[in-house]
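Q: Sharing a structure below in structure tokens format, with a few things to ask.
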């Protein structure tokens, strides 16, 4: 995975965001085995405690499930994945709208330019 | 089986012929952590590391490693990477491995051989023919091939190129014993801050800060590198102009 980490913020929430993204986008498909803390930590170049914390959060959210014997797997809950997808989409939309508003576009104008772009 | 605290120092002080290299250091360090020992040159990092592994003795105060004063027991559970090269030039890599296997019951020969193979270092290679960076890598391999409880790494990445730094850092995070703790002294902070759980800032022989990395980032919104630069900012020398001394304030 291509990790993008900003050293001025705590690392674990960034790992959590990026792993959530990877699950929601299907990079780790529903029901598939999830890598170990050790492998993920080595891949991201962070220490295992930090990665463990990010994974515990994913477990709390229900995106990743720990089985007693078979390690971790990605959830098979479609609704949950859809919900997380909508949350992520909503964050992107808020950012986009805020930036468009800042350069003077109203919501109607945004919709209009999007449609024009789509038509091209 | 294990005590919760792995390392504790009580009012640890060290004088070198009148110069106070360490001044009343009180530290308490747990298990399963990677800790950065950070400070400017001459701040006491190496002195502290040498005291912990029993190479030098305190002027006053106490060190407890897994509840014991430095001695044969603590040496059997502490793996030390010195900041200097300690090999004899005539030795081959395999000679050094055999020496370590003789000295330390927890030395894993197979692990050492595997790590060498990954770096294209052969057991029959002579120390004499190696570059400074390669010697440092061999030292790191020796240190991390021990199944120790406390790893003390004194400037492990200072002498090697950026690609080798990545290799060394991933070797450290992948090979330390999970019940053990790694203490890394360095001033190359931006290179290592992502792997750290905690940092200890040391200045003029005193511990001025010991915090979790997450707490620092959360509270101050800055990288450890930035916090370090701000804590240890020095006033540079400037030329005197006609108005008098130019003061550099910020």
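Chains as they are written, first to last, in the numbering used here: chain U, 27 to 146; chain V, 10 to 259.
Every residue gets a Cβ at the ideal spot worked out from N, C-alpha and C, and that includes glycine.
Report yes or no: is there a C-beta of chain V within less than 8 Å of the C-beta of residue 73 of chain U?
A: For the purposes of this step, residue 73 of chain U is taken as residue 47 along the first chain, with counting starting at 1. Yes, residue 73 of chain U counts as interfacial toward chain V.
Q: Pick out the complete beta strand (DSSP E) segments inside the segment 50 to 81 of chain V, 3 residues or longer, and give them in chain order.
A: As far as the segment 50 to 81 of chain V is concerned, its whole beta strand (DSSP E) runs of at least 3 residues are 69 to 74.
Q: How would you label residue 138 of chain U, buried or exposed, when you count the other beta carbons within 10 angstroms and need 16 or more for buried?
A: Looking up residue 138 of chain U in the first chain gives position 112. With fewer than 16 other Cβ atoms within 10 Å, it is exposed.
Q: 8 Å is my cut-off, CB to CB: does residue 40 of chain V come that close to chain U?
A: Locating residue 40 of chain V in the second chain gives position 31, where the first residue counts as 1. Not one chain U Cβ lies under 8 Å of residue 40 of chain V.
Q: List, in order along the chain, the chain A residues whose C-beta lies closer than 8 Å to that of residue 36 of chain U?
A: As a matter of chain content, chain A is missing from the structure shown, whose protein chains are U and V.
Q: At the level of alpha carbons, what is the spacing between residue 174 of chain V and residue 44 of chain U?
A: Reading the second chain from its first residue, position 165 is the one you call residue 174 of chain V. Reading the first chain from its first residue, position 18 is the one you call residue 44 of chain U. Going by the C-alpha atoms only, they are around 25 Å apart.
Q: Drop a sphere of 10 angstroms on the beta-carbon of residue 32 of chain U, count the other beta-carbons inside from all chains shown, and report buried for 16 or more, exposed for fewer.
A: For the purposes of this step, residue 32 of chain U is taken as residue 6 along the first chain, with counting starting at 1. Exposed, by the Cβ-count rule.
Q: In whole angstroms, what separates the C-alpha of residue 123 of chain U from that of residue 52 of chain U?
A: In the first chain, the residue the question calls residue 123 of chain U occupies position 97. In the first chain, the residue the question calls residue 52 of chain U occupies position 26. Approximately 26 Å, taken between the alpha carbons.
Q: Using DSSP with H/G/I as helix, E/B as strand and the rest coil, what is residue 30 of chain V?
A: Along the second chain, one-based indexing puts residue 30 of chain V at 21. Residue 30 of chain V falls in the strand class under three-state DSSP.
Q: Does the distance from the CB of residue 40 of chain V to the CB of residue 71 of chain U come in under 8 Å?
A: The count along the second chain starts at 1 and reaches residue 40 of chain V at position 31. The count along the first chain starts at 1 and reaches residue 71 of chain U at position 45. It is not a contact, given that the beta carbons lie outside the stated cut-off.
Q: Tell me whether the segment 97 to 113 of chain V and the segment 65 to 77 of chain V touch, counting them as touching only if at least three CB pairs, one residue from each stretch, are closer than 8 Å.
A: Counting Cβ pairs under 8 Å, fewer than three are found: no touch.
Q: Which same chain residues end up closer than 6 Å to residue 53 of chain V when comparing Cβ atoms and leaving out the 5 residues on each side of it in sequence?
A: The count along the second chain starts at 1 and reaches residue 53 of chain V at position 44. Excluding residues within five positions, the ones whose Cβ falls inside 6 Å are 30, 31, 211, 214.
Q: Would a check of beta-carbon distances place residue 31 of chain U closer than 8 Å to chain V?
A: One-based indexing of the first chain puts residue 31 of chain U at position 5. True, the Cβ-Cβ gap to chain V drops below 8 Å.
Q: Checking 8 Å against the spacing of the C-beta atoms, do residue 154 of chain V and residue 127 of chain V come in under that value?
A: Indexing the second chain from 1 puts residue 154 of chain V at position 145. Indexing the second chain from 1 puts residue 127 of chain V at position 118. No, the Cβ-Cβ distance between residue 154 of chain V and residue 127 of chain V is not below 8 Å.
Q: Are there 16 or more other CB atoms within 10 angstroms of the CB of residue 137 of chain V, so buried, or fewer, so exposed?
A: For the purposes of this step, residue 137 of chain V is taken as residue 128 along the second chain, with counting starting at 1. Exposed is the call here.
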